[in-house]
Each structure stands twice: as C-alpha cells, then as structure tokens.
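To start, the structure itself, in structure tokens.
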Amino acid sequence: MTVQPIRLFGDPVLRTPADPVVDFDAELRKLVADLTDTMREQNGAGLAAPQLGVGLRVFTFDVDDMLGHLVNPVLEFPDEEEQDGPEGCLSIPGLYFDTKRRQNVIAKGFSAHGDPVQIVGTGLMARCVQHETDHLDGVLFVDRLDAAGRKEAMKAIRQAEWYDQAAPPTVKLSPHALNNPFGLGR
19 MTVQPIRLFG DPVLRTPADP VVDFDAELRK LVADLTDTMR EQNGAGLAAP
69 QLGVGLRVFT FDVDDMLGHL VNPVLEFPDE EEQDGPEGCL SIPGLYFDTK
119 RRQNVIAKGF SAHGDPVQIV GTGLMARCVQ HETDHLDGVL FVDRLDAAGR
169 KEAMKAIRQA EWYDQAAPPT VKLSPHALNN PFGLGR
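This is the structure we're talking about:
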C-alpha cells in the first residue's frame, strides 16, 4: 500500500488544470494504485491526481460498492435533473456544504491500460464524478457555491486547524458551461 499526502486548499496544484494522459504505462498504473490506496485510507468517495500533486487527468472512486478509476474523463448530462446536498473534499478536510450538481451523468474515458470505459452515474456516483472532474479542471466544490455559501465556506476554511495562512485563498470559476449548468460561481 502506498498512501500519499493529500494536497490541501491553498496549494496551487489544486487550481491548475491537469494535462491529458498520453502514456498508458506502468507509471500511470502506479499513480492509479496510489490514488486508490490514499482514497481508501482516508475513507473518501473519490480522489483526483492533482490532490496528490500530479497534474494528470485521472481520478479514482469508491461509491456504492463500485471501486474504479477514470482517465481523461469527458462528461455528458442526459437530462436537466438536479441534486442539492452536502459535499466535502479530502483537500478541504472536515468541511461540508450543500452543493448543486446534476443528478445524472455519463462519464467516458479510459482505464489505466487504455481501454475505453463508460460510467453511468446517478445520485452520489454522479456527484463524485462531477466533483473529481472539476479537480482536473482546477475547480473546487466551494467554487460552485452561491456568493453567500462561498463566503461561509471561506470563513470556515480560514478557521480550520489545517489552513495555511501563508497560502491565500482563491476562488476559481469553472471554465466549462457544461460542467457549470447552474451558472453557479458567476
């Protein structure tokens, strides 16, 4: 088991869009194993490579007894149905805020061996896939909150024991209309 340290809010790697994976090799498979081990050690539902300081488009998930990973994900939304509920993040430990997401998602990408993969998710799985894909775009879930929610979240983050005062907080808006169907963060 290779558990890695998780980067916390304020680390610039969390705000940097990740690069597409081009080499489906042993190094990628080790990254997937490290992501999986770290996610499971922290009891997370998902973990994206930037959270380990690696700027590649890959994440792992463990939702509804379904453990897996997705490389170079592309999301599609089959309908306009929404969900609103508590969301947290291993890079913002111990804090949860109600966050709007799409209820249903189709995520297409690849396995660590380069095989095509498709995930059809609803509810928690859809939330996880959207959350982790946001990480790959340099977007954190607190960026999706309305102005009052972001203000509350930023106050809670600044008061958290783990918060580093030397790393000033920033909010980034999602560059993808498709990933930001509610116009949140604008």
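In terms of the numbering used here, the sequence shown is residues 19 to 204.
Even glycine gets a Cβ: it sits at the ideal position worked out from N, Cα and C.
- A straight-line Cα-Cα distance of about 31 angstroms links D43 and N122.
- Beta-bridge partners of A174 (DSSP): none assigned.
- Of the candidates I175, N90 and G86, G86 places its Cα closest to the Cα of T54.
- Cβ neighbours of D116 within its own chain (closer than 7 angstroms, five residues either side excluded): D102, G103 and P104.
- Assigned with DSSP and collapsed to three states, A130 falls in coil, not helix or strand.
- No residue range can be given for V160, since it is assigned to no beta strand (DSSP E) and is classified by DSSP as neither H nor E.
- When DSSP states are grouped into helix, strand and coil, Q148 belongs to the helix group.
- Taking all protein chains in view, the Cβ of E100 is surrounded by fewer than 16 other Cβ atoms within 10 Å, so the residue is classified as exposed.
- For E45, the closest alpha carbon among the candidates A166, L70 and A130 is that of A130.
- DSSP places R120 in the strand class (E or B) of the three-state scheme.
- With 16 or more neighbouring CB atoms inside 10 Å of its own CB, P68 falls in the buried class.
- About 7 angstroms separates the CB atoms of L74 and L49; that is less than 8 angstroms, so the two are in contact.
- Around the beta carbon of M84, a 10 Å sphere encloses fewer than 16 other beta carbons of the protein chains shown; the residue is thus reported as exposed.
- Under the 10 Å beta carbon count, R145 is surrounded by 16 or more other beta carbons and is classified as buried.
- In summary, G62 is buried, with 16 or more beta-carbon neighbours lying within 10 Å of its beta-carbon over all protein chains present.
- One thing to note: D152 has its Cβ no nearer than 8 angstroms to the Cβ of P35.
- In this structure, the straight-line span from the alpha carbon of T56 to that of V81 is close to 15 angstroms.
- Here DSSP, grouped into helix, strand and coil, assigns L32 to helix.
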